[in-house]
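Written out below as structure tokens is the structure these notes cover.
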Amino acid sequence: MQTPLIPADIAQPDPGLFVLTGSWTARAVGDVDRKLVSMSAADAAEVVIDGSHLDTIDSVGVWILQRQLKKIRDKGVSIRLLDWSSHSQKLMEIVEEQIAVPLLQTPQISLLEKIGRKGEAVWKDTFSLLSFIGEAALAFVRIVAHPMRWRVRPTLKYIQIAGFDALPIVGLTSFLLGIVVAYQGADQLRHYGANIFVVDLVGFSMLREFSPLITAIIIAGRSGSAYAAQIGTMVVTEEIDAMRTIGIEPIDLLVLPKIIALAVALPLLTVFSDVTGVLGGMIMARSQLDIGFNEFLVRFGSEIHLPALLIGVGKAFVFAFIIVIIGCYQGFRTKGNADSVGRQTTRSVVQSIFIVIVLDSLFSVIFSMLDL
Amino acid sequence: MDAVTGQTDAAQANTPNVIEMRKVCTRFGTHSVHTDLDLDVRRGEIFAIVGGSGSGKSTLLREMIMLHRPSSGSIKILGADLQTISEEEAMILRQRWGVMFQHGGLFGTLNVLDNIGLPLREHTRLDDTLINELAAWKLTLSGLKPETGLQYPPELSGGMLKRASLARALAFDPELLFLDEPTAGLDPGGAGGIDTLVRTLHDLYRSTIVIITHDLDLLWQVTDRVAVLGEGKVVGLGSMMELSQMDHPIIRGYFDGPRGRTAQEQAQKLNKE
Ligand SMILES: Nc1ncnc2c1ncn2[C@@H]1O[C@H](COP(=O)(O)OP(=O)(O)OP(=O)(O)O)[C@@H](O)[C@H]1O
Ligand SMILES: [Mg+2]
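Protein sequence lines correspond, in order, to chains S and P. The numbering of the first sequence is our numbering, which starts it at 14 and goes up by one. The numbering of the second sequence is our numbering, which starts it at 41 and goes up by one.
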């Protein structure tokens, strides 16, 4: 069906005559440009461009040709087209006009300006995050004042998705973490004959530190990202705008139920993580340190007191806010396209995990100062 | 010899039609969109496809540009049978046509200039400056300001998106240009601008242009022939003048509304001038 294309070529039998052959089209111009650049019309008063052997020429071909002809023309040499079809001649004329228009350059930005812009962006970002938190708080006050407007169904749905559905992964991860902690401790404790202290080790570290942390990290990756992607996609498809025009506050519908849901689900998940984590430690203690379940549990009951559990659960409560706020905030910051949804989602996960860990270390410092 | 159509002259000899659709059937599950549809588009004409919502215009276009396979029937585009075409031939075929999508279909991560230059950058070894110069030219050709080239698609208005999409469709000087709803969602001025643009491009590249549209003004002003889709078939085919004389109820529905009459009067006035 296709006649093979003859590549574009150009010959210069004498200084004032250019003969074009072949197809001067985007697909067939090949390297003719390089050949063309080396050609000049040294001391000819007029250059004739012979188009009679030309198979076909399109705008790419015309552009390449005119680019070189412009240089020749600028030297005061006149150009004449010989045997060109009227249509190609028209293309040549249009391009001749157009090629004189300089190309718009992307403005160059200096390093200092870049730093400045970056700083301004960070500042604005922080500010808008704070105002988002403020809006969410106001929305919360609103529904406390009008409990009728509380959206119960979405809240329950989010508890199921973020809480109940996450039980297997949280349980398994914590169980393994309990095993690891007990195993690492076992070696050290055995040296001192302090086997029984594995209970304190596993109990305190899981309840106070590891359970809230690992649960928050899993949920940030699992639900925080989903929140950002959901809201981001809704921004792109103008659903958020539609919601506002109908008179539904997006925060009421999309953010508050999530905050309430996770504020319930994350502490509960943390307790579940405590249980499976300690279970893992218990199993390890029996197989490595010969501490029976009974002995383990008795010591656990007498040594680990309620505050350890409450501190962990309290932290989880705070982490829940962080995860929802960051996830939703990044979702709302999505601009226009699919790529942006991906970027904001990634950002939400990275930021919320980062903030969770920073806060966790802050808590450690504060609690140790308070002797808790 | 006509220098420009050197390559196409040969093709013209054996296929006067750039598009030949024979007995095309399209079904989605049990829902039949096209039944035994026949359609020919001649070289060099401006051809429009009209029909009510859901009559299968977009689907027909998707079949022409190999985005969707019909359930049965044959489609020949620029002499190539889409049923038996090899991957390599399909690649070349795709460079011989240009498509302007209804919602632009521009890539959100590239600025407008890079979007326009993308087909050339992908399929040729032309150098970057040349591609940028060409892209800037196609941009102005489509009626956009040079500054627009540095913007990103989400920052553009609907009309600008369409023009930018058109500029990208022009990358390879297409022999065949498909426009899906080129004027939908544009203000009358913008729509009028598209009328002129379509004609300018037709003069400049002498491409065959296939337009899907509901815009009666565009139909009267620029098209050579129009096919009316309905009941899974082409129920009417001809120039707007000929169609306006036909009796088929679906066609009458198009012309007899108040908008249909106004557009017709307008066009006749213009023709007289
Ligand atoms: N991927 C698909 N799956 C199922 N049905 C489809 C699909 N694509 C299109 N259809 C059906 O095919 C029919 C024709 O759709 P099409 O988009 O071609 O209509 P149209 O003529 O372009 O309408 P409009 O003028 O509203 O754009 C519709 O009834 C639609 O429901
Ligand atoms: Mg459609």
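Note that the Cβ used here is the ideal one computed from N, Cα and C, for glycine as well.
Along the chain, where does the alpha helix (DSSP H) containing residue i start, and where does it finish?
i	result
P:H242	P228 to Y245
P:F87	Taken as a continuous stretch (DSSP letters only), P:F87 belongs to no alpha helix (DSSP H), being part of the beta strand (DSSP E) at I86 to G91.
P:D154	V152 to H163
P:D168	D168 to L181
S:F145	L124 to A158
P:E282	M280 to L283
S:T250	Premise fails: S:T250 is in no alpha helix (DSSP H) and is neither H nor E.
S:S224	S224 to I232
P:S326	Lying before the first or after the last residue shown, residue 326 of chain P is absent from chain P, which here runs from 41 to 313.
S:G198	L180 to Y205
S:A329	L319 to F345
S:H100	S99 to I112
P:P289	P289 to D296
S:M297	L269 to L302
Between the Cα of residue i and the Cα atoms of the options, which residue gives the shortest distance?
i	options	result
P:K285	P:Q304, P:G272 and P:L153	Looking at the sequence provided, one finds Gln at residue 285 of chain P rather than Lys. Comparing Cα positions, the closest option is P:Q304.
P:L226	P:K202, P:A211, P:L160 and P:L241	P:K202
S:P120	P:E129, P:L190 and P:Q135	P:L190
S:E110	S:G89, S:W76, S:F140 and S:T34	S:W76
S:E59	S:V45, S:D68, S:S72 and S:R86	S:R86
S:S224	S:L116, S:V363 and S:L323	S:L323
S:S99	P:D80, P:D154, P:Y245 and P:H143	P:Y245
S:P115	P:D168, P:W177 and P:A88	P:W177
P:Y192	P:N151, P:L206, P:L158 and P:L310	P:N151
S:D265	S:F145, S:S365 and S:Q343	S:F145
P:Q123	P:G69, P:M106, P:H163 and P:R136	P:M106
P:H254	P:E221, P:F87, P:E271 and P:I291	P:E221
S:Y196	S:Q301, S:M52 and S:L269	S:Q301
S:I209	S:I230, S:M295, S:E222 and S:L125	S:M295
P:L79	P:G297, P:V266 and P:R292	P:V266
S:V311	S:F367, S:V50, S:G216 and S:L279	S:G216
S:G29	S:A39, S:L82, S:V42 and S:V45	S:L82
Tell me, which residues are paired with residue i by DSSP?
i	result
P:I117	P:I59 and P:A120
S:F31	S:I62
P:T273	Correcting the residue identity first, residue 273 of chain P is Lys in this sequence and not Thr. P:K273 pairs with P:G270.
S:V311	Per DSSP, none; premise fails for S:V311.
S:A24	S:V32
P:V64	P:L77
S:W37	S:I70
P:S112	P:C65
P:R265	P:F87
P:G144	P:F141
Which value, in whole angstroms, describes the spacing of the CA atoms of residue i and residue j?
i	j	result
P:V262	S:H66	34 angstroms
S:Q102	S:L94	8 angstroms
P:M280	S:L18	39 angstroms
S:D303	S:S187	22 angstroms
S:T168	S:H318	32 angstroms
P:S95	S:V331	56 angstroms
P:T180	P:P186	7 angstroms
S:A333	S:Y171	13 angstroms
S:P20	P:Q142	35 angstroms
P:V44	S:T69	Residue confidence is low: P:V44 scores 38 on pLDDT, short of 50, so the model does not pin down where it sits. No coordinate-derived value is stated.
S:E252	P:L216	37 angstroms
P:D257	P:L146	27 angstroms
P:Q47	S:W37	Since pLDDT at P:Q47 reaches only 42, below the 50 mark, its modelled position is unreliable, and no value is offered.
S:A239	S:T358	8 angstroms
P:R67	P:M61	16 angstroms
S:R80	S:L125	37 angstroms
P:L133	P:V268	27 angstroms
S:L383	S:G344	37 angstroms
P:M41	P:A130	For P:M41, the predicted structure reports a pLDDT of 37, less than 50, and the residue's modelled location is therefore unreliable. A value from the coordinates is still provided. Taking the straight line from one Cα to the other gives about 29 angstroms.
S:G74	P:K63	40 angstroms
P:Q306	P:R299	11 angstroms
P:I86	P:S247	8 angstroms
S:R360	S:L226	19 angstroms
From which residue to which residue does the beta strand (DSSP E) around residue i run?
i	result
P:M140	W137 to M140
P:H74	H71 to R82
P:T248	T248 to I252
S:L94	S91 to L95
P:F218	L216 to D220
S:I70	L67 to I70
Is residue i near ligand 3, with its Cβ less than 7 angstroms from a heavy atom?
i	result
P:M61	The ligand content of the structure shown is limited to ligand 1 and ligand 2, which means ligand 3 is not among them.
_Residues passing the C-beta test against ligand 1 heavy atoms, cut-off 5 angstroms_ = P:F68, P:V73, P:S93, P:G94, P:S95, P:G96, P:K97, P:S98 and P:T99
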